[in-house]
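In the UniProt record's numbering, the protein residues as written are 1 to 325.
All residues carry an ideal CB built from backbone N, CA and C; glycine is no exception.
Notes follow the structure.
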Amino acid sequence: MTMIRHEAAVPLTAAGRRFDQTLAEMFPDYSRSRLTAWIKAGAVTLDGAIAPPRQLLRGGEKVLLQAELETEVELEPEAIALDVVHEDEHVLVLNKPAGLVVHPGAGNSAGTLLNALLHHDPKLAQLPRGGIVHRLDKDTSGLMVVAKSLPALTALVDMLSRHDVERQYEAVVLGTLVAGGTVDAPIGRHMGDRLRQAVRDEEDGKHAVTHYRLRERFRGHSLLQCSLETGRTHQIRVHLSHIGHPLVGDPLYGGGLKLPKGATPELVAALRGFRRQALHAERLAFEHPVSHEPLSFSAERPADQQALIDALRADTAQADPDDWR
């Protein structure tokens, strides 16, 4: 465990306010529930004496916080290789491969990204969720940022809630689009399938906005650039399916295999063999949560998605333009 120690004076402007409320403002790197637990355990004193959380302050008291950071994550570290793009004292940016579950869940207590992170840096066990502040679906590849310190965790969660983290994706979808656009449609739990999300009305769904731009058009498919204004579960997958252009290979929202008429044998093989959603988190940009330096990262598309795009291009090149344009 790690011992922490902080000394500070209660601001005079806090006169008449509760101890626990003021402490949360004085030490924003720690959650209010954790600070309250420390107060009750006697790990925080006012002018050298133990005080209850509801103690009213006069302002100017001396606060001493001495506590041990307990383990937040009880999980077995595993030596799973990580593709680390950037790492410093406060943040880690990695390129997640498709097929790797981010966080343990029902039936996934081992072999996850979190197991790998705890092996990479055991101190992450002292952070809520091991420092994971956002997720990618199991079969989505690409960039993620992980907090390595409490200040970074607090700041990154706040930045994500304010949509101050730029997340850009590449997607291969069914159908030929002629332009980009925006999908502004609330997302919530599917009424009949607990594993799925769906576009819902405003009362039952959360605000969700996805912007997309056409990069390349194939014979029966399109390559899109997508950016998130919000970050709902399965957002890109749900929104693109909602407008009639689901992701290639998506087992939940794709609607099954669809082959262009007269597709080359190579394209048929590529589409049949692509067993995950064709979605890659290619760019991540944000302000460093501690130094405030602007950071920007990119990750090349994985080999399977590149092979799929190559097959689509080759099929389109050999086709008669009048048959599909």
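C-beta atoms of residue i and residue j nearer than 8 angstroms
{"i": "residue 326", "j": "Glu229", "result": "No information on residue 326 is available, as it lies outside the stretch 1 to 325 that the chain covers here."}
{"i": "Val63", "j": "Val10", "result": "yes"}
{"i": "Glu78", "j": "His119", "result": "yes"}
{"i": "Val85", "j": "Leu94", "result": "yes"}
{"i": "Arg217", "j": "Ala319", "result": "no"}
{"i": "Leu127", "j": "Ala110", "result": "no"}
{"i": "Leu279", "j": "Tyr212", "result": "no"}
Start and end residues, alpha helix (DSSP H) containing residue i
{"i": "Ala147", "result": "First-last for Ala147: Ser141 to Ala147, but that is the beta strand (DSSP E), not the alpha helix (DSSP H)."}
{"i": "Thr168", "result": "Looking at the sequence shown, residue 168 is not Thr but Gln. It is not in any alpha helix (DSSP H) - Gln168 instead sits in the beta strand (DSSP E) that spans Glu166 to Leu174."}
{"i": "Gly273", "result": "Pro265 to Gly273"}
{"i": "Ile236", "result": "Gln235 to His242"}
{"i": "Leu114", "result": "Leu113 to His120"}
From the options, residue whose alpha carbon lies closest to that of residue i
{"i": "Leu295", "options": "Pro302, Glu287 and Arg301", "result": "Glu287"}
{"i": "Ala263", "options": "Tyr253, Pro246, His221 and Pro302", "result": "His221"}
{"i": "Gly192", "options": "Arg167, Ser241, Asp47 and Leu252", "result": "Leu252"}
{"i": "residue 360", "options": "Phe274, Trp38 and Ala285", "result": "The requested residue 360 is not part of the displayed model; the chain covers only 1 to 325."}
{"i": "Gly175", "options": "Gly254, Thr36 and Leu153", "result": "Gly254"}
{"i": "Asp204", "options": "Arg213, Pro186 and Arg219", "result": "Pro186"}
{"i": "Ala270", "options": "Gln305, Leu247, Pro246 and Gly244", "result": "Gln305"}
{"i": "Asp184", "options": "Glu282, Ser227 and Asp137", "result": "Ser227"}
{"i": "Ala37", "options": "Gly48, Ala24, Glu7 and Asp47", "result": "Ala24"}
DSSP three-state assignment for residue i, whether helix, strand or coil
{"i": "Ala67", "result": "strand"}
{"i": "Phe286", "result": "strand"}
{"i": "Thr36", "result": "helix"}
{"i": "Gly131", "result": "helix"}
{"i": "Met3", "result": "strand"}
{"i": "Leu56", "result": "strand"}
{"i": "Asp20", "result": "helix"}
{"i": "Ser222", "result": "strand"}
{"i": "Asp315", "result": "helix"}
{"i": "Ser161", "result": "helix"}
{"i": "Ile309", "result": "helix"}
{"i": "Asp304", "result": "helix"}
{"i": "residue 368", "result": "Outside the shown range of the chain (1 to 325) lies residue 368, about which nothing can therefore be said."}
Extent of the continuous beta strand (DSSP E) run through residue i
{"i": "Ser296", "result": "Pro294 to Ser298"}
{"i": "His86", "result": "Val84 to Glu87"}
{"i": "Val93", "result": "Val91 to Lys96"}
Cβ separation of residue i and residue j, assumed to be a contact under 8 angstroms, to the nearest whole Å
{"i": "Arg18", "j": "Arg54", "result": "5 angstroms"}
{"i": "Ser141", "j": "Glu89", "result": "Rounded, the Cβ-Cβ distance is 27 angstroms, inconsistent with contact."}
{"i": "Leu247", "j": "Val173", "result": "6 angstroms"}
beta-carbon residue i near the ligand GDP non-hydrogen atom, thresh 7 angstroms
{"i": "Val173", "result": "No copy of the ligand GDP appears in this structure; indeed no ligand is present at all."}
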